[in-house]
Structures are given as structure tokens and as C-alpha cells.
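One structure is given here, and the rest of the page talks about it.
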Amino acid sequence: EIYYVLELVQACLDADFGRVEDILGNLAMIFRGAGSNNYCSEILHFIFNLKKVWTPEFAYVISPLPVFSL
Numbered sequence: 092e093i094y095y096v097l098e099l100v101q102a103c104l105d106a107d108f109g110r111v112e113d114i115l116g117n118l119a120m121i122f123r124g125a126g127s128n129n130y131c132s133e134i135l136h137f138i139f140n141l142k143k144v145w146t147p148e149f150a151y152v153i154s155p156l157p158v159f160s161l
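Taken in order, the sequence shown gives residues 92 to 161; the numbers are from this note's numbering.
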């Protein structure tokens, strides 16, 4: 499980949001399994907005912002 955190940190350092986006689902499952339901819900809410609610142009601008505030 620490692998996902290390991968997330490296993806943030590389500014590779595509890789960050791929890791978010796994992190949500890890948080849910650990009993951190609020973190899981926030990640799932972010993924839903990124994929379904926001326009691609808006998502492209917004997507890197929360990652660097970790």
C-alpha cells in the first residue's frame, strides 16, 4: 500500500496528472478499507466531477490544483 503513496508523490513531482488520476481509484479503495470513509468519499467525489460533471477544459485546469496541496 505504501507503493501507491510513493507512486502518487513521484507522479506529483513529475507533474504527470494522468498517472495521478490512475492512482486515485486505488487510493480511494485503500482509504475505505482502512476505515477512512471521508477521505474515500472526497476522492470519489473528485473523480466523479473530473469525469462526468466538469467540462474537459475546466477539468484540465482544475485537476492539478488539489494534487499539489496534499
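Built from N, CA and C at the ideal position, the CB exists for glycine as well.
What is the rounded straight-line gap between the Cα of Ser132 and the Cα of Ala119? Roughly 8 Å between the two C-alpha positions.
So, at 8 Å on beta carbons, what are the nonlocal neighbours of Tyr95 in its own chain, with the 5 sequence-adjacent residues on each side left out? Leaving aside the five residues that flank Tyr95 on each side, the residues in its chain whose CB is nearer than 8 Å to its CB run, in chain order, Ile114, Asn117, Leu118, Ile121.
Taking all protein chains shown into account, decide if Ile93 is buried (16 or more other Cβ within 10 angstroms of its Cβ) or exposed. Classification for Ile93: exposed.
How big is the Cα-Cα spacing for Arg110 and Phe137? Spanning the two alpha carbons is a distance of roughly 15 Å.
Quick check on Asp105: does DSSP put it in helix, strand or coil? Coil.
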